[in-house]
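Trainee: One structure follows; several queries about it will come next.
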Amino acid sequence: MADSQRRPILGNGEEYSRAVKKRPLGRAAEPPRTYEEARELVKAGVRNALASFETLPAEKKLVNEAVFCLRLHPDATAKSYDPVHIFEDVPDVRKVGSRRYRENPDRVAKTARIEKHQAKKTTEVEGRLVFVQSSPAGFQRLLRQLDRTEREVRQVTRNEIRRVERFDLLSPEEQILGFEAEWEEGRVELVLHPTRVSTDRQLSFVSELFKTTGVDLGGSNIKLYPDGPTFISCRLTRDSLQLLRGTNPLRTAHPLEFGGLTELRSAPLVGAPKPSASTTRSTIKIGMFDGGVDMTVPLLLGHVEEDASLEIKTATNPTYIAHGTAVAGALLHGPLNGIASNVHLPPPPVYVVSIRALPTSNPKDVDLYESIDIIEKAVPARNDIKVFNISFGPRGPIADDSLSRFTYVLDSLAANHKVAFFVPVGNDGGVANFNRIQSPSDLVNGIGVGAFTMSGDRPVHAPYSCQGLGRECGKIKPDVAAFGGCENRPFHLVSTTAGAKILEWGTSFASPLAARLGGQAAEIFERSSALLARALVIHTAIHPDGNPDHLLGHGCVMPDVTEVLLCEDKSVTIIFQGDILPTRILQIPIPLPNDVLIPGKIQVSWTVAALPRVSPNHAIDYTSACLEDTFYPNSKKFNFSLKGAVKSLHLDKDKAQITQLLSKGWKQASFPVSESGNKYRDGQGAKIDCLWEPTVRRSLSKYAKSLDEPFLTLHAMSRNSASDRFDYVAVVTVRAEKFQGDLYTKIRQRYPALAPIRVRTEAEIRVQI
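Numbering of the sequence shown is given in our numbering, commencing with residue -6 and proceeding in unit increments.
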């Protein structure tokens, strides 16, 4: 069979994966202070924090429970440096979260790294902040522990104390985030620390706090999560916000403004194409949370259902219905651009389930917590749906140190119910200082979708589409981009006016294009899943500049699912999937033909995705697990080392030299020499450290002759006491442009367990309307 004929991607790659072990490398850096210096520093900090706590008004603190900040030195930013043994020695004190703090390098203990920052005139460095909670008596016990002689304290505890830079309270400036100077009044989200007190005591505290600060408790919405934070949606004025400053259990306060939905009823109208002549509908369902739909519109008839049992119990609104109808139309038909009014559309490849989540009960003060409640209830109830689109959210850029309830709910639902959410990044890309992506597109177990438009035949970032970076654990945002149109080249959408389409643009309409692709990828072939669909959407996205960035993410999504499911000419794509325990390491091969000369270069691309649980208490440690991917191009090339000297040698070609080195005490590395794929960069071109990302995509090119049984390792790492298995997928593509044979067949001959995915036929996925 000619290699130019496209064939299905290959599954069952996990049949060739195997568990391996690596020796741990490296050692922790020396802490910046002596134990005696650090001990006195911490003792003074604890005493001052307790004194400040005692002076707080009664309504600003919980009785017998305080939360303080243990700030680690900026050299100790890794999760592994978090204190553990301190809490073992003083069990009354516990860790209840973490985030970053920022400090001038001149004001922290000097180390080689800090001196480098000073030499570069760096004005700010980041450190790790650990929230610690106890009663005042518990912190007094910590002081007594610190009064013990150095010999009486375990070495591991002493090292933890030596890495502490400061012990204090969270400042009001660290609590109040994202408010413009002109802000006077609006809906705000408060996040309170986890607490040991009862629910009744927690609610009583909030009630008294609001009474004192003039906040309307009746217009507020309080959501408590076991072992997690308390989220509160409330309406504040500038004065009441100021009065909340310094409240001890308050972790953050940030705006929760709903900017409304795009007004479509006044948008230009032109003639719409005719509905499909088919009498069948797809069984591939995509859920949609929006403002409802007009079920009488001909282009939706038979292809959309409303789940009234799960929808919000408010009156419908024509503006919201128009928006939901346009989004549903984009899910079903994609852009209607270039399709004449006398043309019948093809049968939609998906079926839409509309669950109305808007408007909320008070149109003049929209509380998105009501919409989030609908989503939280509906997703578990509709276990027949794997992919959901949500084309609305709060306005305003995300903050690194603050997590919204909206994001947390979507990530938790995705992990618990194995679904995927597609969410637009927002339309404020042209607003200076407010152009960063908006919640909940900062989710890590879903897809944040940006918008592109066209400049001639070239896709370009739509100027209104919000930009990355995302938060820690999800920095590459948007994940992908889809066509959203622009003023000069608008998106043609389904209108509530029969026989007409409307012309508009926005990320709200780009998101359903990515969702319809993901929905098909999750259902159209056997053994697929929402996680695999997400990985395939990202893996096949094409960036016009060749590298991921903060504007289009990994690139523009494919226009059709066949582009996702079929191997391109001269390339083969293989799927590996399963579940894995934390600390385990999987080795997966990069499939290549055996004993076949391949001229020129081979491009190896891989996308790795995991489905970890998340922790809302830890803004910087949000994901509980990830897969660290490492590429090894040559399984016979190893590093040999002795006293800092390193040589890279080939086990066969350098056999004599290796024997000689080993006899002199040189040590062979446990794994071959590794190489990294592409480096992620921010908008200024600086390299981004993408650690603990649930999804990564990498690519590199190597001369075929330099590859010898190449492979990847996937190291499952966990934190926040996570120990459960989690799902993973890896999608690997090898491309050999100059190979003259049938690469697909040659790889299958060598790896016979690899099998083409079985795509469901039209007869299997369509039923009569």
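A virtual CB, placed ideally from N, CA and C, is assigned to each residue, including glycine.
None of the values given here were measured: they were computed from a predicted structure.
(1) From residue 379 to residue 523, what distance separates their C-alpha atoms?
(2) So what does DSSP say about residue 158, is it helix, strand or coil?
(3) Going by other Cβ atoms of all chains shown within 10 Å of its Cβ, with 16 needed for buried, is residue 319 buried or exposed?
(4) How would you label residue 10, buried or exposed, when you count the other beta carbons within 10 angstroms and need 16 or more for buried?
(5) Would you mind stating whether residue 837 and residue 183 have Cβ atoms separated by less than 9 Å?
(6) Please state whether the Cβ-Cβ distance between residue 596 and residue 728 is less than 9 Å.
(7) Taking only the alpha-carbon atoms, compute the straight-line gap between residue 235 and residue 209 and give it to the nearest angstrom.
(8) Excluding the 5 residues preceding and the 5 following residue 221 in the sequence, name in chain order all residues of the same chain whose CB lies nearer than 7 Å to its CB.
(9) Around the Cβ of residue 655, are there at least 16 other Cβ atoms within 10 angstroms (buried) or fewer (exposed)?
(10) Let's test the definition: count the other Cβ atoms within 10 Å of the Cβ of residue 14 and tell me whether it reaches 16, buried, or not, exposed.
(11) State the beta-bridge partners of residue 643 as determined by DSSP.
(12) Is residue 133 helix, strand or coil by DSSP?
(13) Rounded to a whole number of angstroms, what is the C-alpha to C-alpha distance between residue 117 and residue 94?
(14) I think residue 384 touches residue 472, with their Cβ atoms under 8 Å apart; what is that distance to the nearest whole Å?
(15) So the beta strand (DSSP E) residue 443 belongs to, where does it begin and stop?
(16) Can you tell me which residues form a DSSP beta bridge with residue 759?
(17) Are there three or more Cβ pairs, one per stretch, closer than 8 Å when the region 247 to 258 is compared with the region 386 to 405?
(18) Quick one, are the C-beta atoms of residue 601 and residue 407 less than 9 Å apart?
(19) How is residue 41 classed by DSSP in three states: helix, strand or coil?
(20) Skipping 5 residues on each side, what residues in its chain have a beta carbon closer than 6 Å to that of residue 90?
(21) Mapping the DSSP letters down to three states, classify residue 437 as helix, strand or coil.
(22) Keeping to the same chain, check which residues put their C-beta closer than 8 Å to that of residue 499; ignore five residues upstream and five downstream.
(23) Can you tell me the Cα-Cα spacing of residue 541 and residue 547, whole angstroms?
(24) Who are residue 573's beta bridge partners in DSSP?
(25) Looking at the structure shown, is residue 690 part of a helix, part of a strand, or coil, going by DSSP?
(26) Have a look at the DSSP bridge pairing and note the partners of residue 710.
(27) When DSSP labels each residue in this structure, what does residue 194 get in the three-state scheme?
(28) Just to confirm, are residue 825 and residue 594 a CB contact at a threshold of 9 Å?
(29) Using CA coordinates, which residue listed in 262, 480, 564, 619 is at the minimum distance from residue 712?
(30) Measure the Cβ-Cβ separation of residue 264 and residue 286 and say whether it is below 9 Å.
(31) Between residue 432 and residue 505, is the Cβ-Cβ spacing less than 9 Å?
(32) Between which two residues does the alpha helix (DSSP H) harbouring residue 580 extend?
(33) So for residue 765, helix, strand or coil by DSSP?
(34) Alpha carbon to alpha carbon, what distance is there between residue 402 and residue 435?
(35) Who are the Cβ neighbours of residue 662 in its own chain at under 8 Å, not counting the five residues just before and after it?
(36) Hey, would you say residue 487 sits closer than 9 Å to residue 325, going by beta carbons?
Mentor: Taking the geometry as given:
(1) About 6 Å.
(2) Three-state result, residue 158: strand.
(3) The residue in question, residue 319, is buried, as its Cβ has 16 or more Cβ neighbours within 10 Å.
(4) Flag for residue 10 reads buried.
(5) Outside the displayed span of the chain (-6 to 762) sits residue 837, for which this structure offers no information.
(6) A contact, by the Cβ cut-off of 9 Å.
(7) Each residue's alpha carbon lies about 15 Å from the other.
(8) Cβ neighbours of residue 221 beyond the five flanking positions: 187, 609, 610.
(9) Result: exposed.
(10) Exposed: under 16 other Cβ atoms inside 10 Å.
(11) Answer by DSSP bridge pairing, in chain order: 630.
(12) It is helical.
(13) Their backbone Cα atoms lie some 10 Å apart in a straight line.
(14) In this structure residue 384 is not in contact with residue 472, their Cβ atoms being roughly 16 Å apart against a cut-off of 8 Å.
(15) That run of the beta strand (DSSP E) goes 440 to 448.
(16) Looking at the DSSP assignment, residue 759 forms a beta bridge with 275.
(17) With the cut-off at 8 Å, the region 247 to 258 and the region 386 to 405 touch.
(18) Their beta carbons are not under 9 Å apart, which means residue 601 does not touch residue 407 by this criterion.
(19) Three-state result, residue 41: helix.
(20) If you ignore the 5 residues before and after residue 90, its C-beta comes within less than 6 Å of the C-beta of 124, 610, 611, all in its own chain and listed in chain order.
(21) Coil, per DSSP.
(22) The beta carbon of residue 499 sits closer than 8 Å to those of 255, 417, 420, 444, 457, 477, 478, 484, all from its chain and outside the five residues before and after it, given in chain order.
(23) About 4 Å.
(24) Residue 573 is bridged to 719.
(25) It is a strand residue.
(26) 619.
(27) Reduced to three states, the DSSP call for residue 194 is helix.
(28) Residue 825 falls outside the range modelled here, since the chain spans only -6 to 762, and no answer is possible.
(29) Here the closest residue by C-alpha is 619.
(30) No, they are not a contact pair.
(31) Contact: no.
(32) For residue 580, no alpha helix (DSSP H) segment is defined; the enclosing uninterrupted segment is the beta strand (DSSP E) at 578 to 582.
(33) What the structure shows of the chain is the stretch from -6 to 762, and residue 765 is not part of that stretch, so it cannot be assessed.
(34) Looking at the two C-alpha atoms, the distance is approximately 12 Å.
(35) Take residue 662, set aside five residues on each side of it, and the residues of its chain with a beta-carbon closer than 8 Å to its own are 631, 632, 633, 634, in chain order.
(36) Cβ distance < 9 Å, so residue 487 and residue 325 count as in contact.
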